[in-house]
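Using this note's numbering, you'd call the opening residue of the sequence shown number 1 and step up by one each time.
A short worksheet on the structure shown next.
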Amino acid sequence: MHADKWAIKAKQAGYKTRAVYKLEEILLKTNTLHNTDKILDIGSAPGGWSHFLKLKMPKSEIFAIDILDMEDISGVNFFQKSIESIDEIPEIKCLKGKFNLVISDIAPNITGINTVDIENIYELNILTLKAAHTYIDKNNGKFIIKTFQNSMFKRLRKEMDTLFKTVQTFKPAASKKQSAEIYLYGAQKR
Ligand SMILES: C[S@@+](CC[C@H](N)C(=O)[O-])C[C@H]1O[C@@H](n2cnc3c(N)ncnc32)[C@H](O)[C@@H]1O
């Protein structure tokens with residue numbers, strides 16, 4: 001499908017962003033689009049993924065965090081906080097080890113200096129991965145993180161391998177070919 005067709009499709013479906021189709025493809029391929037009652041959305045603003053997940057799984061309890069503010073989405077518990085401070089949110093902290101699905105679309109501000117940007121992405125991804133690992137349910141928790149194909153990507157994947165028994169890489173059809181974005185999926189928490 002042509003890139004713009006995803007945007008038209010999203011608009012017609014009432015979704016906030018075409019990026020929901022990237023998430024949906026991974027959820028479908030990993031059999032995750034059901035039986036997911038507790039979801040944590042990291043780097044959630046402006047709310048496209050949370051909104052989509054609430055529509056798809058209305059019974060799920062969704063918690064979302066971002067450093068930026070996010071408009072209210074019915075049924076989504078949003079906290080304006082950095083991932084670094086996630087443990088300071090009592091409503092989320094008390095659910096440690098209970099999330100069936102943690103998703104991250106987190107992305108740092110780009111400086112334009114390639115080496116700095118690559119380092120910043122890696123550091124933020126590692127922070128997110130470690131936090132996600134502690135919040136995920138040992139029995140059935142799954143983790144999906146958007147990252148970028150760069151010189152640190154293999155290192156990030158190796159870190160995923162140390163925390164999850166199953167790790168897969170996805171480049172969804174809705175992700176533009178020329179974009180460096182790529183997704184990692186982790187399941188079976190070690
Ligand atoms: C690509 S956007 C997320 C889009 C979102 N998934 C959606 O569907 O609407 C990336 C987000 O990561 C957030 N972010 C960057 N650094 C963060 C941090 N340290 N903690 C939490 N969120 C952060 C940014 O503020 C931004 O809103």
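Think of the CB as a built atom: it goes at the ideal place given N, C-alpha and C, for glycine as much as any other residue.
Kindly indicate which residue of A174, E159, R190 has the alpha-carbon position closest to the one of L184.
When each option's Cα is compared against that of L184, the closest is E159.
Given the structure, does W6 come close to ligand 1, in the sense that its CB is under 8 Å from one of the ligand's heavy atoms?
No, the beta carbon of W6 sits no closer than 8 Å to any heavy atom of ligand 1.
Considering only residues of the region 123–155, which uninterrupted beta strand (DSSP E) runs meet the minimum length of 3 residues and lie entirely inside it, listed in chain order?
Entirely contained in the region 123–155, the beta strand (DSSP E) runs reaching 3 residues are, in chain order, 142–148.
Excluding the five sequence neighbours on either side, which residues of its own chain have a C-beta within less than 7 Å of the C-beta of D117, listed in chain order?
These residues qualify, in order along the chain: I110, T111.
Could you pull out every unbroken alpha helix (DSSP H) segment of at least 4 residues lying fully inside the region 53–102, listed in chain order?
Listed in chain order, they are 90–93.
If you reduce the DSSP assignment to three classes, tell me which class Y21 lands in.
Three-state DSSP puts Y21 in a helix.
Exposed or buried, which one is P58 when buried takes at least 16 other CB atoms within 10 Å?
By the 10 Å Cβ count, P58 comes out exposed.
Report yes if the C-beta distance between K98 and I89 is below 9 Å; otherwise report no.
No. Outside cutoff.
Given the structure, does S50 come close to ligand 1, in the sense that its CB is under 8 Å from one of the ligand's heavy atoms?
S50 Cβ: within cutoff of ligand 1.
Below 9 Å between beta carbons: does that hold for I62 and L40?
Yes, they are a contact pair.
In this structure, what does DSSP give as the bridge partners for K189?
The partner list for K189 (beta bridge, DSSP) reads F164.
Could you please give the first and the last residue of the uninterrupted beta strand (DSSP E) stretch that includes K38?
Looking at the DSSP string, the run of the beta strand (DSSP E) that includes K38 is 38–42.
Please identify the residue among L101, M152, T128, Y21 whose C-alpha is closest to the C-alpha of D137.
That would be L101, whose Cα lies nearest to the Cα of D137.
Determine the contact status of E24 and K56, defining contact as a CB-CB distance below 9 Å.
Taking 9 Å as the Cβ cut-off, E24 and K56 qualify as a contacting pair.
Assuming A131 and F164 make a contact with CB atoms under 8 Å, what is their CB distance in whole Å?
Actually they do not touch by this definition, with Cβ atoms about 14 Å apart.
On the criterion of 16 or more Cβ atoms from any shown chain inside 10 Å, does A19 qualify as buried, or is it exposed?
Classification of A19: buried, given that the 10 Å Cβ count is 16 or more.
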